[in-house]
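J.: Below is the structure I would like to discuss, written out as structure tokens.
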Amino acid sequence: MSSRYFDTKLLNVFFTRSLASLLKDTPVIVSSVNPGFCYSDLARELTGIEVLLMRIIRKLLARKAEEGGRQLVYAAVGSSEDPTRLQGAYVNLHKVDEPSDYVLGEKGMRRQNKLWADLVGELSKIDGRISSIIHDLGSLS
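At position 18 of the sequence shown (counting the first as 1) the number is 18 in full-length UniProt numbering, and the numbers step up by one without a gap.
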């Protein structure tokens, strides 16, 4: 599997943390969810021995989509004791996991901030209202 798969997971965590920070004073809860390794067509382009290896790995490790979907349900409804606990959280195996040291570290924070700034910049080219919406949400804090 290409490293791009893992890169997209990291970008998802960065995006979630930035958006959650922006929306912290609103009733919206933003979480990043890992449904785990589920049966899917993710490896549909594999060929040769890779196909055989993927079949074995699926038999040993893969979950049904329904089981992976439970992660999404947990992230959506959480627990009634502390619903804000899920704000910006990484949900894995029906619990909130702390992100990696890289994500929490100075270098990760710089990357996260750059990703957010670049994303807002690109979206603003498509719709000029984006910058003012982001600004207005940021001023709620």
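For each residue, glycine too, the CB sits at the ideal point set by N, CA and C. In this text the structure is predicted, and so the values were computed from the model without any measurement.
If we count Cβ pairs, one from each stretch, closer than 8 Å, do we get three or more for the region 64-78 versus the region 33-52?
T.: Touching, yes.
J.: Taking 7 Å as the cut-off, decide whether the C-beta atoms of glycine 88 and arginine 17 are in contact.
T.: In contact: glycine 88 and arginine 17 (Cβ atoms closer than 7 Å).
J.: Extract the residue ranges of the alpha helix (DSSP H) inside the region 89-140, only unbroken runs of 4 or more that lie entirely within it.
T.: Here the runs fully enclosed are 101-104, 106-126, 129-138.
J.: Which same chain residues, not among the five before or five after leucine 61, have their C-beta less than 8 Å away from its C-beta?
T.: Excluding residues within five positions, the ones whose Cβ falls inside 8 Å are Phe37.
J.: Tell me, please, whether the region 101-116 touches the region 39-46 by the rule of three or more beta-carbon pairs shorter than 8 Å.
T.: Because the criterion of three Cβ pairs below 8 Å is not met, the region 101-116 and the region 39-46 do not touch.
J.: Taking the alpha-carbon positions, what's the tryptophan 116 to phenylalanine 15 distance?
T.: Cα to Cα, tryptophan 116 sits roughly 7 Å from phenylalanine 15.
J.: Express the C-alpha separation of histidine 135 and lysine 59 in angstroms, rounding to a whole number.
T.: Near 49 Å, if we compare the C-alpha coordinates of histidine 135 and lysine 59.
J.: Pull up the DSSP beta-bridge partners for asparagine 34, would you.
T.: The partner list for asparagine 34 (beta bridge, DSSP) reads Asn92.
J.: For arginine 63, write down the residues that DSSP places opposite it in a beta bridge.
T.: Partner(s): Cys38.
J.: Can the beta-carbon of valine 13 be found closer than 7 Å to that of tyrosine 90?
T.: Yes, the Cβ-Cβ distance between valine 13 and tyrosine 90 is below 7 Å.
J.: So leucine 22 packs on leucine 123, CB below 8 Å; how close in whole Å?
T.: No, leucine 22 and leucine 123 are not in contact; Cβ-Cβ is about 13 Å, not under 8 Å.
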